[in-house]
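A.B. asks: Residue 135 in our numbering sits at position 130 of the sequence shown; the count goes up by one each step and never skips. Idealized CB from N, CA, C, for every residue including glycine.
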Amino acid sequence: MKRKAFLLLFPAVIYSQVLVIDTAIVFPSRISRGIYFSEFDKLYISGDGSFLYAVSCSTYKVDTIAPGIPRSVDFFSYNWRQQKLYLSVETRADRIVVIDVARDTVLKELYFEPGRLWGHCYVSSSNRLYIGCSDSLLILDCNNDSIIGGFPCPVERFFVTFVSWDSVHNEVYAVIHQYGSPAWLAVYDCSSESLLSMFRVLHMLPYKIYFHYRLNKGYFLPYDEALPGVIDIQQHQFIKYFPIPIFYATLEPIAIDTLDNKVYISRAKQRWPDTLFVIDCLTDSIVKKLLEAGWGPLSVRWAAWSNRLYFTGGPRGETLKVLDCRTDSVIDRVYLEEFGLYGPPDIELDPIRHRIFAIGCDSTLYVLRELGQGIEEEKRSNNLARSAPTLLRGVLYLPERAGVAGKPVLVDITGRRVLELVPGANDVRCLAPGVYFIRTAGGVNRKVVIAR
6 MKRKAFLLLF PAVIYSQVLV IDTAIVFPSR ISRGIYFSEF DKLYISGDGS
56 FLYAVSCSTY KVDTIAPGIP RSVDFFSYNW RQQKLYLSVE TRADRIVVID
106 VARDTVLKEL YFEPGRLWGH CYVSSSNRLY IGCSDSLLIL DCNNDSIIGG
156 FPCPVERFFV TFVSWDSVHN EVYAVIHQYG SPAWLAVYDC SSESLLSMFR
206 VLHMLPYKIY FHYRLNKGYF LPYDEALPGV IDIQQHQFIK YFPIPIFYAT
256 LEPIAIDTLD NKVYISRAKQ RWPDTLFVID CLTDSIVKKL LEAGWGPLSV
306 RWAAWSNRLY FTGGPRGETL KVLDCRTDSV IDRVYLEEFG LYGPPDIELD
356 PIRHRIFAIG CDSTLYVLRE LGQGIEEEKR SNNLARSAPT LLRGVLYLPE
406 RAGVAGKPVL VDITGRRVLE LVPGANDVRC LAPGVYFIRT AGGVNRKVVI
456 AR
């Protein structure tokens with residue numbers, strides 16, 4: 006580890022209707038993107054000068070990972086089974102760096118021919134990494150981090166680029182692309198390692214697919230300056246595009262509210278984000294627009310524990326805004342320009358401890374937490390947003406007010422009891438993938454899908 010000088014600030018508590026700033030950490034250089042690991046309560050943050058910072062969110066100790074790690078964390082896959090991070094420099098890179106997240110050390114560097122490496126995704130059902138590598142879709146065994154096979158590009162003179170994993174159906178979607186030609190989505194069965202189907206997505210280049218499993222839909226963002234869209238992940242069909250130009254797709258300006266069946270997408274008109282669009286997932290129609298003066302949302306994040314949306318806005322994106330997803334109304338704003346000239350390009354969430362990390366206010370990391378009800382919110386004992394369990398990386402979080410009186414247990418589809426649950430975090434990594442239900446003495450049932 007290399008240690009550098011950092012400034013840890015505990016500002017006077019800044020109260021608002023919803024959020025409070027707990028801590029601000031000023032880094033010695035500009036920072037931009039982050040990755041949060043809830044099992045370690047740790048952030049990886051990219052900085053200038055090929056620094057990748059490791060931040061302990063319990064002690065706020067900051068280290069740098071050496072040797073010179075790529076400063077971009079736009080393209081990464083996390084192997085939560087073995088706690089390894091696969092990190093590319095950026096798109097069209099020539100190497101993937103493998104990092105031991107538990108020890109913050111580099112394990113290996115995987116080299117490719119220059120210009121051939123695109124995107125990759127981790128498939129936990131088989132503990133493998135699928136890599137888009139121009140003329141082929143490669144498969145890497147994560148046990149020894151070596152290539153064990155793959156598929157040739159199914160369309161002549163096209164390229165295999167970005168990939169996404171559907172964890173419920175255990176299928177990988179690979180974008181088959183050639184400049185100037187309509188793109189394809191190729192669907193591969195990870196169990197049989199075979200090509201299932203292919204369908205056109207016209208001239209767009211989907212960068213990443215965000216799945217809404219309950220509706221069997223996948224919403225994708227384009228990598229280049231194009232339009233987002235939606236596909237049917239059960240029938241493997243394209244549904245439609247949305248007239249919302251996207252530019253900063255790698256910042257993930259999209260969030261899916263699975264409680265209210267909504268998608269939030271930030272538009273970047275003439276490369277400047279200016280409007281947050283609200284889409285009804287049942288009809289796939291735009292139902293609301295939130296116009297932002299100045300710099301609009303770059304990063305958009307949905308907090309399942311409170312059914313709120315976090316995004317940035319203001320003349321330079323220096324304001325963190327909170328949206329009540331039930332009413333689609335802004336209920337709070339927090340000014341984040343005290344230590345920088347520009348707002349955070351990235352927002353990361355801690356679903357266990359309910360914290361919000363605003364990353365990259367020039368060189369500042371803000372740590373915020375929720376206080377309580379917003380001024381436009383309504384207290385309801387049966388509020389689904391506050392009673393919904395949250396599942397992330399093998400941890401099932403059961404809220405205190407989960408509406409499950411008595412001793413809740415997790416049962417499989419046959420009704421067999423597999424785990425006794427407690428309020429808070431429950432480790433379910435030992436369970437096989439499938440559909441489970443949270444059951445109580447009162448007969449309350451909640452469906453939980455565990456995917457790998």
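Reducing DSSP to helix, strand and coil, say where Q87 ends up.
C.D. replies: coil
A.B. asks: V31 and S368: beta carbons closer than 7 Å?
C.D. replies: Closer than 7 Å, so yes.
A.B. asks: So, under 8 Å CB-CB, D417 and Y402 are touching, yes? Tell me the CB distance rounded to an integer number of Å.
C.D. replies: Between Y402 and D417 the Cβ distance is about 20 Å, and since that is not below 8 Å, they are no contact.
A.B. asks: Count the other C-beta atoms from every protein chain shown that fall within 10 angstroms of the C-beta of S311, then say buried if there are 16 or more, exposed otherwise.
C.D. replies: Buried.
A.B. asks: Return the first residue and the last residue of the beta strand (DSSP E) that V334 is part of.
C.D. replies: Strictly speaking, residue 334 in this sequence is Ser, with Val absent from that position. Secondary structure note for S334: its beta strand (DSSP E) is the uninterrupted segment S334 to Y340.
A.B. asks: If you measure between the beta carbons of L341 and V335, is that distance less than 7 Å?
C.D. replies: no
A.B. asks: Rounding to the nearest angstrom, what Cα-Cα distance links F243 and P258 in this structure?
C.D. replies: 21 Å
A.B. asks: Can you grab the Cα-Cα spacing for the pair V102 / S271, in whole Å?
C.D. replies: 31 Å
A.B. asks: For R434, which three-state DSSP category applies?
C.D. replies: coil
A.B. asks: Between L256 and V423, what straight-line distance do the alpha-carbon atoms span, to the nearest angstrom?
C.D. replies: One Cα belongs to L256, the other to V423, and the distance between them is close to 38 Å.
A.B. asks: Output yes or no for whether 7 Å exceeds the beta carbon distance between C195 and S141.
C.D. replies: Contact flag unset, no.
A.B. asks: Per DSSP, which residues does D285 bridge with? Please list them.
C.D. replies: K267 and S290
A.B. asks: DSSP has S51 in a bridge; who is on the other side?
C.D. replies: L57
A.B. asks: Keeping to the same chain, check which residues put their C-beta closer than 6 Å to that of F156; ignore five residues upstream and five downstream.
C.D. replies: L142.
A.B. asks: Helix or strand or just coil, what does DSSP make of L303?
C.D. replies: coil
A.B. asks: How long is the line joining the alpha carbons of M203 and G137, rounded to whole angstroms?
C.D. replies: For the pair M203 and G137, the Cα-to-Cα distance works out to about 16 Å.
A.B. asks: Using beta-carbon positions only, say whether A231 and M209 come within less than 7 Å of one another.
C.D. replies: yes
A.B. asks: Pull up the DSSP beta-bridge partners for S202, would you.
C.D. replies: V192
A.B. asks: Per DSSP, what kind of secondary structure is Y228 in: helix, strand or coil?
C.D. replies: coil
A.B. asks: Specify, as a first and last residue, the run of the beta strand (DSSP E) that D417 falls within.
C.D. replies: V414 to D417
A.B. asks: Can you give me the start and stop residues for the beta strand (DSSP E) that Q240 sits inside?
C.D. replies: Careful: Q240 lies outside any beta strand (DSSP E) and carries neither H nor E.
A.B. asks: Give the C-beta separation of I361 and L373 to the nearest angstrom, bearing in mind that I take them to be a contact with Cβ-Cβ under 8 Å.
C.D. replies: Between I361 and L373 the beta-carbon gap is near 4 Å, inside 8 Å, which marks them as a contact.
A.B. asks: Would you call the CB atoms of K245 and D285 closer than 7 Å?
C.D. replies: no
A.B. asks: D2 and I238: beta carbons closer than 7 Å?
C.D. replies: The structure shown does not extend to residue 2, since the chain is modelled only from 6 to 457, so the question has no answer here.
A.B. asks: With DSSP run on the structure shown, which of helix, strand or coil describes W441?
C.D. replies: It is worth fixing the name first, because residue 441 is Tyr in this sequence and not Trp. Correct three-state label for Y441: strand.
A.B. asks: Any idea if N431 is buried or exposed, counting beta-carbon neighbours within 10 angstroms, 16 or more meaning buried?
C.D. replies: Result: buried.
A.B. asks: Looking at the secondary structure, which residues open and close the beta strand (DSSP E) in which P157 lies?
C.D. replies: S151 to P157
A.B. asks: Just to confirm before moving on: does the CB-CB distance between R313 and I352 stay below 7 Å?
C.D. replies: no
A.B. asks: Which residues does DSSP list as the beta-bridge partners of P211?
C.D. replies: P227
A.B. asks: Under the three-state reduction of DSSP, which class applies to L426: helix, strand or coil?
C.D. replies: coil
A.B. asks: What do you reckon, is the C-beta of S34 under 6 Å from a heavy atom of the ligand COA?
C.D. replies: Only the bare structure without any ligand can be found here, which leaves the ligand COA out of the picture.
A.B. asks: In or out: S51 buried (at least 16 other Cβ within 10 Å) or exposed?
C.D. replies: buried
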